[in-house]
Structures are given as structure tokens and as C-alpha cells.
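Undergrad: Questions regarding the structure given below will be posed in turn.
2 protein chains.
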Amino acid sequence: MNKATNITLKQAAEFFIGHDNFLILSHANPDGDTEGCAYGLCGALQRLGKKARLACSDPLSERFSYMKEAVEKQQFDESFVVSVDVADRSLLGDLEKLYGDKVDLAIDHHISHRPFAERVYVDDSAAAACEIIYDLIKLLEAECLDEKIAKCLYTGIATDTGCFKFGNTTRHTHLKAGELMEYGFDAAALNYVLFDMKTKARIGLERYVFENIEFFAEDKGAVIALSKEILDSVDAEDVNGISALPRQIQGVEVGIVLKEKEEGWKASLRSNSVNVQEICGHFGGGGHIRAAGCTIKAADAEEAKRLIKEEVTKVVEKLLN
Amino acid sequence: MNKATNITLKQAAEFFIGHDNFLILSHANPDGDTEGCAYGLCGALQRLGKKARLACSDPLSERFSYMKEAVEKQQFDESFVVSVDVADRSLLGDLEKLYGDKVDLAIDHHISHRPFAERVYVDDSAAAACEIIYDLIKLLEAECLDEKIAKCLYTGIATDTGCFKFGNTTRHTHLKAGELMEYGFDAAALNYVLFDMKTKARIGLERYVFENIEFFAEDKGAVIALSKEILDSVDAEDVNGISALPRQIQGVEVGIVLKEKEEGWKASLRSNSVNVQEICGHFGGGGHIRAAGCTIKAADAEEAKRLIKEEVTKVVEKLLN
């Protein structure tokens with residue numbers, strides 16, 4: 532592994548000003564934050580007169596397609612590789628083999644960041660990595676921000692904070708979102724698409740979740756397992772954010788959604804009060820304190836549920852005593 | 532009617548500094564904004580050493596009960612009457628008779644404000660009246676803001692903007708919300724209760740809505756009728772915001788929720804594109820352009836649905852052509 536050097540945001544800005552031909556990597560199964568960072572930073576560097584392009588192991592989600600407007604397609608051989616919102620090289624997915632040990636600068640906001648790049652800038656007080664990218668772009672020499680870039684960065688901040696609802700939201704988060712709105716994109720229309728609009732398939736999936744959810748640990752825990760068959764019956768988009776549903780039920784302290792994948796049952800844990808990062812650590816996973824994930828090797832849904840319920844119950848029981 | 536004098540916010544602050552014994556009125560069927568204003572302002576005036584108390588035609592909703600912590604109960608004969616977030620004297624409800632022509636100062640943010648007070652301060656660029664009250668409190672002589680007051684004011688801002696999602700949200704809205712958060716209340720826990728938490732009864736009601744919703748006008752319209760029996764099976768709180776659900780379905784331009792009441796079927800219309808105020812006007816109702824309501828006299832749910840679908844179809848067909 533590289534010996535990572537921690538740098539300041541000013542040094543990160545100088546890195547971009549002093550170099551050229553950037554490849555920007557976002558994490559696998561990309562969300563609004565990693566894509567917002569990648570498209571926003573790429574667009575800003577292009578406006579600065581630099582060459583910049585993007586790579587991700589998975590395609591851009593349809594609902595973020597507007598981000599493409601912030602950048603132009605450029606073809607060139609990269610000289611420098613940058614990762615955004617990537618907490619661990621393994622999260623590069625299929626791109627890890629190619630770039631895992633070739634990242635020149637990693638910019639991230641995960642407290643669980645495991646250094647893999649030559650230079651690293653991590654600010655875990657940022658609710659979204661897009662907050663950092665916004666500050667970074669302001670440090671670049673020229674005015675590189677426009678409406679399209681602002682929309683990318685706002686997307687990352689809004690999606691990572693549940694539209695300013697979650698505990699990671701700070702005064703700075705609000706301040707930056709407000710400043711980004713001034714660039715003139717229609718934030719209300721964007722928020723409707725990001726947070727309110729549901730497809731009929733999505734509504735069907737939510738019904739399935741609430742019809743089949745299981746409560747445990749004196750109703751402080753709630754778990755639902757989604758089989759491959761169920762997941763395949765809807766678009767990937769429709770599954771987005773489904774992990775938040777069990778925790779929304781009054782009284783539930785830990786909500787768990789299990790999804791059947793090739794490699795096992797992918798668990799997403801959400802809590803209002805419990806350190807779910809620690810629970811996921813038992814299964815080799817990680818994430819944030821109130822939102823974390825792991826993969827559970829199990830013969831079937833019943834076994835996967837049993838294993839995760841055991842660990843959650845231990846922690847919730849401590850909470851009850 | 533009084534001849535209302537428009538005053539500045541500074542003059543409003545001077546009004547409070549120079550007088551004493553205030554009665555603060557909020558509007559009937561109170562929401563988070565009018566209550567946040569009333570409790571926040573009352574608490575601040577009390578910290579300034581003034582006597583202040585509250586009145587509203589309806590009780591404080593259970594979910595805002597924490598606001599009571601911001602004020603102490605004081606008994607006195609009022610010398611001055613102030614209304615907050617009240618767009619028209621008729622919206623004082625049962626208190627109109629007593630105070631409708633006795634309001635010394637009205638503070639409001641509705642563009643539709645119809646002056647009824649002696650002095651009036653209206654800023655329709657404010658997403659919530661709580662934004663104004665926050666600025667006003669900052670103009671008072673002493674530091675009158677604390678965690679409990681900040682929580683009241685944040686509540687008004689968050690609820691009136693759908694947690695910063697709606698088009699009324701501005702840079703100033705974000706800025707003020709961020710500043711208020713600094714007073715230290717747990718915004719995430721508050722937002723969870725205000726926006727995310729669902730009782731099991733609420734989840735059952737949502738399932739009922741989505742199982743029984745009817746689409747019409749080439750799926751651009753969606754309607755659900757909730758009988759008295761269904762409505763009585765849940766708490767009033769659980770029905771809160773249910774009117775927004777049909778419109779959330781992708782492709783639906785007009786969403787309609789019908790509720791069976793003594794006086795007929797109460798229709799709530801929501802749209803992203805259509806003037807539903809006009810549609811509701813046909814039935815003697817009104818409201819905002821994208822959110823309006825009316826009462827439909829009909830023998831049963833089927834007739835009520837038929838009548839409203841007819842009017843909506845006419846308008847939606849125009850949209851399709």
C-alpha cells in the first residue's frame with residue numbers, strides 16, 4: 532500500500548492548478564454524492580482549461596442523467612488519477628485492479644476512509660463529499676462554477692443528507708446548499724425527482740416491504756429480506772433508498788434491509804440511536820455510525836435474517852437496559 | 532377596517548422594545564410555522580423581560596408539544612395584540628370576533644395578506660413567517676435566542692418548505708436554518724419526527740391508498756376515496772399529508788384525495804402542472820394554484836369520484852393536446 536500523505540484543501544487546489552489530464556474515479560454503485568463530485572469537479576477543471584474525464588465501474592443512474600450536461604466528453608491518456616467519495620480502494624469495483632494503487636489524490640468525507648492514494652484529503656465533518664468539492668472549486672484560480680456544476684454539487688449534498696434531514700447536516704451544509712442554489716437551477720423540480728416522485732413499481736416494492744417486514748427485539752428492530760426475484764422484478768432505480776424504510780416506523784431503533792446478491796445477502800442498516808457501523812464490522816462491513824452495510828454469507832434469507840438479528844439484538848438490548 | 536400602516540422590521544422591533552404585555556395570535560388549524568412564530572416570539576419577549584402570552588382558536592398539535600418548553604405561562608391583561616402568519620382576519624377562527632379589529636401588529640409572509648391590523652409587516656420572499664421572526668428577534672436589544680426558541684423557529688422553516696424541498700426555499704432560508712441549528716437542539720431527531728417517522732397505522736393507511744388508487748385521463752389523474760370508516764380507524768395525525776401521495780406517482784399530473792365528512796366529500800387536489808385552484812373553484816373551493824381543496828356533495832364515493840374526475844379530465848385533456 533502507498534504511504535498516503537495528508538494534504539490541505541489548498542494543496543489539493545494547487546495539485547489541480549499545477550497539473551493536467553485528470554481521470555476522476557467515483558465509487559461502484561454510484562450515488563448522488565460520488566457522481567455529483569465527479570461531474571462537478573470534472574466540469575470545473577474543464578472550465579479551468581484542463582483536460583478531465585470520468586470513470587466508474589457502473590453506469591450513471593438515469594435520474595442523475597442531467598449531470599452529463601456539466602461536462603464535455605474528452606479523450607486523452609490520463610496523467611493523474613483522482614478519486615472522490617471513495618472510502619476504500621475496494622469500492623472502486625471493477626476499476627480497482629486497474630487503478631487501486633495508482634490514485635494520486637483521494638478526496639473523501641468518510642470517517643472510515645482507509646488510505647490508498649498517494650495524497651489524501653479527508654474531512655469527515657462534511658455531510659457530503661460534494662461540500663468539499665465545492666470548497667475546492669472556490670479555491671481554483673478562476674471562476675469555474677456555473678449552474679450545471681452547482682446542480683451536480685447540490686445533488687450530492689441533498690442526497691447524502693436526505694434533503695437536509697439527517698444528523699450529518701451542519702450549518703455549513705445549509706450555507707453551501709444555499710450558495711449553490713443561487714446559480715439558478717430549479718432546486719424544487721430537482722428535489723421532487725430526487726425525493727418525492729415514485730414509479731408504480733416503487734410503490735409496489737414499498738407495499739411488499741411493509742407487508743413482509745419482521746419486528747424483533749421488542750419491536751426495536753425491523754428487518755425485511757428482498758430476494759433476487761423481487762429485486763429483478765423492478766428497476767435498480769426503484770430500490771434506491773429502500774434501506775431507509777424500516778427505520779421510519781415509529782419505535783424502530785434499527786432498520787435492516789437485506790438484498791440477495793451473488794456474493795451473499797447485502798445488509799443495509801439504519802438507526803436513530805445505535806452504532807450500526809460496529810454491527811456491520813462483525814460481518815466485515817462498515818460505513819457511518821447511523822448508516823452502514825455489510826455482506827452476510829448465508830444459505831437463505833432465513834439464515835441471513837437470523838445472523839443479523841442476533842447481532843442487532845445484542846446491541847439493542849444494551850440500549851434497553 | 533383599519534387603515535394599515537406598513538412598517539419596517541426595525542420599527543417592528545422598536546414596537547416590541549417600547550411596549551409591554553403582548554398577546555400573540557396564531558391562525559386556526561395551526562401548522563408548524565404559525566406555532567413556531569408564536570412560541571418563538573413569545574419566548575424571546577419573555578427573555579427580554581416583557582410579559583407575553585399566546586392564543587389560538589385550536590389547540591397545539593401533539594407533535595409540536597416541545598414548543599411549550601420555550602415559554603412560561605404568564606397571566607395578565609394584554610395591552611397589545613400581535614398576529615403571526617395570519618393572512619386574513621377570518622383565519623383567526625373563533626378568535627376573530629374578539630380580536631379581528633384589535634390587532635396592533637400583523638407579521639406575515641403570505642403574498643395574499645389582506646391587511647387587518649394597525650401596523651403590518653409582510654415579507655412574501657420569506658419561505659416561512661419564522662424566517663421573519665428570527666430576523667426580528669435578532670433586532671431586539673438583548674440576546675433573546677436560546678436552544679428552545681431556535682427549535683420553534685426551525686420547525687416553522689422546515690415544515691413550510693417540506694424540509695427545504697419546495698420552491699419557496701431560498702439561500703436565506705438555508706442560511707437561517709443553519710444558524711438556528713447552531714443553538715444546539717437535535718435537528719435530525721426533530722426532522723425524523725416531523726418528516727420521516729410513521730406509525731404502523733399510517734403505514735397501513737398508505738398501503739390502503741396505493742392498493743385502491745384509481746388512475747384516469749391516461750394515467751395523468753389519480754384519485755382515492757377514504758371513507759369515514761377508514762378515517763376513523765386511524766388517528767387524525769396519521770392522515771396528515773396523505774393528500775400529497777397520489778401526486779407523487781410518476782406521470783400523475785393531478786392527485787386527488789377524497790375524505791368522507793359530515794358535509795360531503797372533502798377533496799384535496801395536488802398538481803405539478805395544472806391549476807387545481809380553478810378546478811376546486813367549480814365546487815366552491817379554493818387554495819393555491821398547485822394545492823387546493825373543495826367539498827363535493829355526492830351520494831357516495833363513486834359519485835364524488837365521478838364528479839371530480841370529470842372536471843380534472845377536462846383540464847388534463849387540454850394539457851395533453
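Same order as they appear, the protein sequences are chains A and B.
In this text, residue positions in the first sequence follow my numbering: the first is 532, and each later residue adds one.
In this text, residue positions in the second sequence follow my numbering: the first is 532, and each later residue adds one.
Where is the CB? At the ideal position from N, CA and C, for every residue including glycine.
For the region 693–709 of chain B, enumerate the residues whose C-beta is nearer than 9 Å to any C-beta of chain A, in chain order.
TA: The residues in question are 693, 694, 695, 696, 697, 698, 699, 700, 701, 702, 703, 704, 705, 706, 707, 708, 709.
Undergrad: Just to confirm, is the Cβ distance from residue 714 of chain A to residue 676 of chain A under 8 Å?
TA: Here the question's residue 714 of chain A lines up with position 183 in the first sequence. Here the question's residue 676 of chain A lines up with position 145 in the first sequence. Cβ distance < 8 Å, so residue 714 of chain A and residue 676 of chain A count as in contact.
Undergrad: Report the residues of the region 760–787 of chain B with a CB closer than 7 Å to any CB of chain A, ordered along the chain.
TA: Here the close residues are 779, 780, 781.
Undergrad: Below 8 Å on the Cβ atoms is my guess for residue 753 of chain A versus residue 780 of chain A; work out the distance and round it to an integer in Å.
TA: Mapped onto the first sequence, residue 753 of chain A falls at position 222. Mapped onto the first sequence, residue 780 of chain A falls at position 249. Right, the Cβ-Cβ distance comes to about 6 Å (below 8 Å), so this counts as a contact.
Undergrad: Any beta carbon from chain A within less than 8 Å of residue 734 of chain B's own beta carbon?
TA: Locating residue 734 of chain B in the second sequence gives position 203, counting from the first residue. Yes, its Cβ sits closer than 8 Å to a Cβ of chain A.
Undergrad: Which runs of the beta strand (DSSP E), 3 residues or longer, sit entirely within the region 812–848 of chain A?
TA: Listed in chain order, the complete beta strand (DSSP E) runs (minimum 3 residues) inside the region 812–848 of chain A are 822–827.
Undergrad: Along the chain, where does the alpha helix (DSSP H) that runs through residue 547 of chain B open and close?
TA: Sequence index remark: in the second sequence, residue 547 of chain B carries index 16 (1-based). Residues 540–549.
Undergrad: Let me check one thing: in DSSP terms, what residues is residue 914 of chain A bridge-paired to?
TA: With chain A represented from 532 up to 852, any question about residue 914 of chain A goes unanswered, as that position is not in the structure.
Undergrad: Is there a Cβ of chain A sitting closer than 8 Å to that of residue 532 of chain B, yes or no?
TA: One-based indexing of the second sequence puts residue 532 of chain B at position 1. Its pLDDT being 49, under 50, residue 532 of chain B is placed unreliably by the model, and the measurement read from it follows with that caveat. It does not; no Cβ of chain A falls within 8 Å.
Undergrad: Closer than 8 Å by C-beta to residue 532 of chain B: which residues in its own chain qualify, once you throw out the five before and the five after it? Chain order, please.
TA: By one-based count along the second sequence, residue 532 of chain B stands at place 1. Model confidence at residue 532 of chain B stands at a pLDDT of 49, short of 50, so the residue's coordinates are unreliable; what they give is reported in the following sentence. Contacts found: 632, 646, 647.
Undergrad: Short check: CB of residue 625 of chain A to CB of residue 564 of chain A, under 8 Å?
TA: Here the question's residue 625 of chain A lines up with position 94 in the first sequence. Here the question's residue 564 of chain A lines up with position 33 in the first sequence. Against a cut-off of 8 Å, the Cβ pair of residue 564 of chain A and residue 625 of chain A comes out as no contact.
Undergrad: Helix, strand or coil, according to DSSP, for residue 534 of chain B in the structure here?
TA: Taking the second sequence and counting its residues from 1, one reaches residue 534 of chain B at position 3. Reduced to three states, the DSSP call for residue 534 of chain B is coil.
Undergrad: Near residue 766 of chain B, which residues of its chain fall below 7 Å by C-beta distance, leaving aside the five closest residues on each side in sequence?
TA: Sequence index remark: in the second sequence, residue 766 of chain B carries index 235 (1-based). 732, listed in sequence order.
Undergrad: Looking only at its own chain, which residues have a Cβ that is under 6 Å from the Cβ of residue 538 of chain B, when we skip the five neighbours before and after it?
TA: Position 7 of the second sequence, counted from the start, is the residue given in the question as residue 538 of chain B. Around residue 538 of chain B: 650, 652.
Undergrad: To the nearest whole angstrom, what separates the beta carbons of residue 658 of chain B and residue 691 of chain B, a pair I think is in contact under 8 Å?
TA: As a position in the second sequence, residue 658 of chain B is number 127, starting the count at 1. As a position in the second sequence, residue 691 of chain B is number 160, starting the count at 1. Correct: roughly 6 Å between the Cβ atoms.
Undergrad: What does DSSP give as the partner residues of residue 753 of chain A in its beta bridges?
TA: For this step, residue 753 of chain A is matched to residue 222 along the first sequence. Residue 753 of chain A is bridged to A/746, A/786.
Undergrad: Do residue 622 of chain B and residue 540 of chain B have their CB atoms nearer than 8 Å?
TA: Position 91 of the second sequence, counted from the first residue, corresponds to residue 622 of chain B. Position 9 of the second sequence, counted from the first residue, corresponds to residue 540 of chain B. No.
Undergrad: Within the same chain, show all residues whose beta-carbon is closer than 6 Å to that of residue 821 of chain A, passing over the 5 residues directly before and after it, in chain order.
TA: Here the question's residue 821 of chain A lines up with position 290 in the first sequence. So the list reads 802, once near-sequence residues are dropped.
Undergrad: Using beta carbons (cut-off 8 Å, strictly below), is residue 738 of chain A in contact with chain B?
TA: Your numbering for residue 738 of chain A matches position 207 in the first sequence. Output row for residue 738 of chain A: interface = yes.
Undergrad: If we count the other Cβ atoms within 10 Å of its Cβ and call it buried at 16 or more, is residue 858 of chain A buried or exposed?
TA: There is simply no residue 858 of chain A to check, as chain A begins at 532 and stops at 852 in what is shown.
Undergrad: May I have the straight-line CA-CA distance separating residue 741 of chain A from residue 534 of chain B, to the nearest angstrom?
TA: Position 210 of the first sequence, counting from 1, holds the residue named residue 741 of chain A. Position 3 of the second sequence, counting from 1, holds the residue named residue 534 of chain B. So the alpha carbons of these two residues sit roughly 56 Å apart.
Undergrad: Consider the Cβ of residue 730 of chain A: report whether some Cβ of chain B lies at a distance smaller than 8 Å.
TA: For the purposes of this step, residue 730 of chain A is identified with residue 199 of the first sequence, where counting begins at 1. Chain B contact via Cβ: present.
Undergrad: For residue 810 of chain B, which three-state DSSP category applies?
TA: Along the second sequence, one-based indexing puts residue 810 of chain B at 279. Correct three-state label for residue 810 of chain B: helix.
Undergrad: How is residue 652 of chain B classed by DSSP in three states: helix, strand or coil?
TA: Within the second sequence, the letter at position 121 stands for residue 652 of chain B. Looking at residue 652 of chain B - three-state DSSP - the assignment turns out to be strand.
Undergrad: Which partner residues of residue 801 of chain A appear in the DSSP bridge assignment?
TA: Sequence index remark: in the first sequence, residue 801 of chain A carries index 270 (1-based). A/786, A/822, per the DSSP bridge assignment.
Undergrad: Could you tell me which of B/848, B/556, B/578, B/601 sits nearest to residue 589 of chain B, measuring between CA atoms?
TA: Against the second sequence, residue 589 of chain B aligns to sequence position 58. The option with the nearest alpha carbon to residue 589 of chain B is B/556.
Undergrad: Quick one: does residue 726 of chain B have its CB under 8 Å from some CB of chain A?
TA: Taking the second sequence and counting its residues from 1, the one referred to as residue 726 of chain B is at position 195. True, the Cβ-Cβ gap to chain A drops below 8 Å.
Undergrad: If we count the other Cβ atoms within 10 Å of its Cβ and call it buried at 16 or more, is residue 769 of chain B buried or exposed?
TA: Locating residue 769 of chain B in the second sequence gives position 238, counting from the first residue. Residue 769 of chain B should be labelled buried.
Undergrad: For residue 582 of chain A, tell me which candidate among A/600, A/569, A/607 has the shortest Cα-Cα distance.
TA: Here residue 582 of chain A refers to the residue found at position 51 of the first sequence. Cα-wise, what sits closest to residue 582 of chain A is A/607.
Undergrad: Mind pulling the chain C residues with CB within less than 7 Å of residue 741 of chain B?
TA: Among the protein chains in the structure shown, which are A and B, there is no chain C.
Undergrad: Name the chain A residues that come within less than 7 Å of residue 723 of chain B, Cβ to Cβ?
TA: Counting from one through the second sequence, the residue named residue 723 of chain B turns up at place 192. Here the neighbours are 803.
Undergrad: Can you say whether residue 786 of chain B is buried or exposed, counting buried as having 16 or more other CB atoms within 10 angstroms of its CB?
TA: Sequence index remark: in the second sequence, residue 786 of chain B carries index 255 (1-based). By the neighbour-count rule (16 or more Cβ atoms within 10 Å), residue 786 of chain B is buried.
Undergrad: Name the two residues that bound the continuous alpha helix (DSSP H) containing residue 763 of chain B.
TA: As a position in the second sequence, residue 763 of chain B is number 232, starting the count at 1. Its alpha helix (DSSP H) spans residues 759–763.
Undergrad: Measure from the C-beta of residue 719 of chain A to each C-beta in chain B and report whether the shortest distance is under 8 Å.
TA: Counting from one through the first sequence, the residue named residue 719 of chain A turns up at place 188. Interface residue, yes.
Undergrad: Taking buried to mean at least 16 other C-beta atoms within 10 Å of its own C-beta, is residue 709 of chain A buried or exposed?
TA: Against the first sequence, residue 709 of chain A aligns to sequence position 178. With 16 or more other Cβ atoms within 10 Å, it is buried.
Undergrad: Given that residue 674 of chain B touches chain A, what residues does it touch there, using C-beta distances under 7 Å?
TA: Taking the second sequence and counting its residues from 1, one reaches residue 674 of chain B at position 143. What residue 674 of chain B touches in chain A: nothing, since even the nearest Cβ is about 18 Å away.
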